[in-house]
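Protein chains in written order, with the numbering used here: chain A, 10 to 385; chain B, 2 to 77.
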Amino acid sequence: MTVKNMTIKEVTNKVLNNEELFLLDVRTEDAHQDWKIEGENFSYLNVPYFDLLDGVEEIADQLPKEKEIAVVCAKGGSSQMVAEMLVEEGFENVYSVEGGMKAWSEHLEPVKVNDLKDGGALYQFVRIGKGCLSYMVVSNGEAAVIDSTRMTDVYVEFAKELGVKITNVFDTHLHADHISGGRKIAEQTGAVYWLPPEDAGEVTFDYKPLRDGDHVTVGSTNIDIHALYSPGHTKGSTSFIVDDQYLMTGDILFIDSIGRPDLAGKADDWVMDLRETLYTRYKELSDELIVLPAHFMIMDELNEDGTVAAKLGTLFEKNHGLNIDDQDEFRKMVTENLPPQPNAYQEIRETNMGKISPDNEDQREMEIGPNRCAVR
Amino acid sequence: MNVAKTLDATGLACPMPIVKTKKAMKELEAGEILEIHATDQGAKSDLTAWAKSGGHELLQNEEDNGVFKFWIKKGE
């Protein structure tokens, strides 16, 4: 018997359009608690597939007859088995989520943020399952990629379709929650790979050091990427001001939260760096800049058009992390009661330094789960 | 360790390692030990959770050259 598949693209559209969906998650309870597909109007039932091997009769009365049911597991194998069993049990509106949480974790949705002056454009790549955001700045035949994921083909193909050449690749910092595709894209396209030197002390490959005040031009029409040293999440964290309009904050400032300073092991040392960046360096910038962060944590942070972006002035008003007057209280917030650290974050950092080279399957496992780079 | 039966589930993707483990376990007596070899990355958390929910005891597990090995003692 064949079962209908639901692609991750279809699931993503349901999330973005706030549609209803009943998700039967057949992974373990721990896995479900830790990380699931979140949608405004999604409902859930979590029963591990191994408890359903003898039949699905027991859960039949917990499932809706009239709604669409999507069965999801880690990679799409078990969900297919359970979906087949449900069809045999008489359920008609049943789908297996193709590729499971693995595909969910890897899916990138490119969204155009806006046109830039002189015909350029800025795109945000929303990695909806993991909450990672990366960017492509396009101008006059050239492109720059910022904070790319390891799904490098997506950027390379996207640039090809636009007919532009990737000339510069940046990471705002040494990532701890996902494996950077920056180096690979640079190798593949001949682009320059920029890293902040304070984060690159242990890296095993060549890179171009990115320093405060550096300007990089994309295309001949002067789309300017201006580096702004903004430590706090890591020692080297650097923000970019693009085309005088956009502030790419990396993992320092998000829409509804701020970066955590502990993932590279120096929370106490970096608290004051973080505070200075948020409360002094960013304060000196124009309120009109549009903040484009490297992550989002909750679906509420998405705008209606699917982008994750807000004016800096608005964040200074509404983001709790930017409104803590008392230094001690701030220190407490960013060092105590932190959420769990991202899965395999040490190995991810070592991979991004080039110290270890796990194969694709291992990289996939290392990135399981949400990003957890923020404190709120 | 006194292993009653060894199950080779290498190369199999989820859900097969658990389906086979469950079947093999049925043929054992309570207290006997099943040794399982698997290569699926998800096998570890799934076998651990499955053993617990079925009242079995995961005695030991190790990774040997990309192969995950598990020893599970059948429950009462």
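A virtual CB, placed ideally from N, CA and C, is assigned to each residue, including glycine.
Residue i classed as buried or exposed, judged by whether at least 16 other C-beta atoms fall within 10 angstroms
| i | result |
| --- | --- |
| N332(A) | exposed |
| I46(A) | buried |
| E107(A) | buried |
| F31(A) | buried |
| K151(B) | Shown here, chain B extends from 2 to 77; a query on residue 151(B) therefore has no answer. |
| G228(A) | buried |
| M26(B) | buried |
| H182(A) | buried |
| K126(A) | exposed |
| N346(A) | exposed |
| T286(A) | buried |
| M94(A) | buried |
| E151(A) | buried |
| H337(A) | Note that residue 337(A) corresponds to Asp in the displayed sequence, not to His. It counts as exposed. |
| K111(A) | buried |
| N361(A) | buried |
| V300(A) | buried |
| S239(A) | buried |
| G274(A) | exposed |
| N328(A) | buried |
| S366(A) | exposed |
| D70(A) | exposed |
| T258(A) | buried |
Proximity to residue i [Cα-Cα], best of the options
| i | options | result |
| --- | --- | --- |
| S46(B) | P57(A), I46(A) and P351(A) | P57(A) |
| W44(A) | N102(A), M90(A) and G109(A) | G109(A) |
| E118(A) | L321(A), N22(A) and F134(A) | F134(A) |
| Q89(A) | V165(A), L72(A), I17(A) and T11(A) | T11(A) |
| A79(A) | H184(A), V35(A) and G222(A) | V35(A) |
| I264(A) | A209(A), E313(A), E98(A) and L321(A) | L321(A) |
| S87(A) | H38(B), L13(B) and A31(B) | L13(B) |
| A303(A) | R290(A), A318(A) and E293(A) | A318(A) |
| K217(A) | R192(A), S239(A) and P240(A) | R192(A) |
| M375(A) | R358(A), E19(A), P206(A) and L262(A) | R358(A) |
| K6(B) | N62(B), E28(B) and L35(B) | L35(B) |
| A39(B) | K74(B), L59(B), E64(B) and N3(B) | E64(B) |
| I307(A) | K13(A), E19(A) and L25(A) | L25(A) |
| D368(A) | D9(B), G67(B) and I73(B) | G67(B) |
| W113(A) | Y132(A), V81(A), F214(A) and S143(A) | V81(A) |
| A209(A) | I250(A), A185(A) and D252(A) | A185(A) |
| L272(A) | E28(A), Y144(A), S148(A) and K244(A) | K244(A) |
| R381(A) | F325(A), D371(A), S366(A) and Y354(A) | Y354(A) |
| D314(A) | K292(A), E370(A) and V120(A) | V120(A) |
| D260(A) | T226(A), D180(A), D70(A) and A83(A) | D180(A) |
| G48(A) | K74(A), H41(A), V20(A) and L62(A) | V20(A) |
| G140(A) | V147(A), G128(A), V146(A) and H116(A) | H116(A) |
| D335(A) | P270(A), F249(A), Y288(A) and D39(A) | Y288(A) |
| I137(A) | Q350(A), K23(A) and Y255(A) | K23(A) |
| F305(A) | V384(A), M342(A) and T247(A) | V384(A) |
Residue i, enclosing alpha helix (DSSP H) - first and last residue
| i | result |
| --- | --- |
| A40(A) | E38 to D43 |
| A152(A) | Segment E151 to I155 is the beta strand (DSSP E) holding A152(A); no alpha helix (DSSP H) there. |
| R358(A) | Y354 to M362 |
| G259(A) | From DSSP, G259(A) is part of no alpha helix (DSSP H) but of the beta strand (DSSP E) over Y255 to G259. |
| I19(B) | M17 to K27 |
| R340(A) | Q336 to T344 |
| R136(A) | No alpha helix (DSSP H) holds R136(A); the beta strand (DSSP E) holding it covers A130 to R136. |
Endpoints, beta strand (DSSP E) assigned at residue i
| i | result |
| --- | --- |
| R192(A) | Here R192(A) belongs to no beta strand (DSSP E); instead the alpha helix (DSSP H) covers G191 to T198. |
| K76(A) | Segment: none, K76(A) is in no beta strand (DSSP E) and carries neither H nor E. |
| A5(B) | V4 to A10 |
| Y58(A) | Run containing Y58(A): none; DSSP gives neither H nor E here. |
| Q61(B) | E58 to D65 |
| Q89(A) | Taken as a continuous stretch (DSSP letters only), Q89(A) belongs to no beta strand (DSSP E), being part of the alpha helix (DSSP H) at G86 to E97. |
Heavy atom of the ligand COA within 6 Å of residue i beta-carbon
| i | result |
| --- | --- |
| L237(A) | With respect to small molecules bound, the structure shown includes none, and the ligand COA cannot be examined in it. |
Own chain partners of residue i with C-beta closer than 7 Å, once the 5 adjacent residues on each side are dropped
| i | result |
| --- | --- |
| I194(A) | V154, S157, T161, Y164, V165, I175, V178 and A200 |
| R340(A) | V280 |
| T213(A) | M362, G363 and K364 |
| A92(A) | V12, V80, V103, Y104 and S105 |
Integer-rounded CB distance, given that residue j should sit under 8 Å from residue i
| i | j | result |
| --- | --- | --- |
| T344(A) | D277(A) | 7 Å |
| G76(B) | G55(B) | 7 Å |
| T316(A) | V122(A) | 6 Å |
| F59(A) | I19(B) | 5 Å |
| P270(A) | L283(A) | 5 Å |
| D296(A) | F325(A) | 7 Å |
Beta-carbon proximity list for residue i, same chain, < 6 Å, skipping 5 on both sides
| i | result |
| --- | --- |
| G190(A) | S157, T158, R159 and T161 |
| V15(A) | The residue asked about is misnamed: residue 15(A) is Met in this sequence, not Val. Cβ neighbours of M15(A) beyond the five flanking positions: A79, Y104 and V106. |
| I377(A) | N352 |
| D124(A) | A130 |
| I68(A) | V56 |
| E310(A) | I264, D265 and V317 |
| R220(A) | none |
Own chain partners of residue i with C-beta closer than 8 Å, once the 5 adjacent residues on each side are dropped
| i | result |
| --- | --- |
| M211(A) | Reading off the sequence shown, one finds Glu at residue 211(A), where the question assumed Met. Excluding residues within five positions, the ones whose Cβ falls inside 8 Å are M362 and K364. |
| C15(B) | D41, G43, A44 and D47 |
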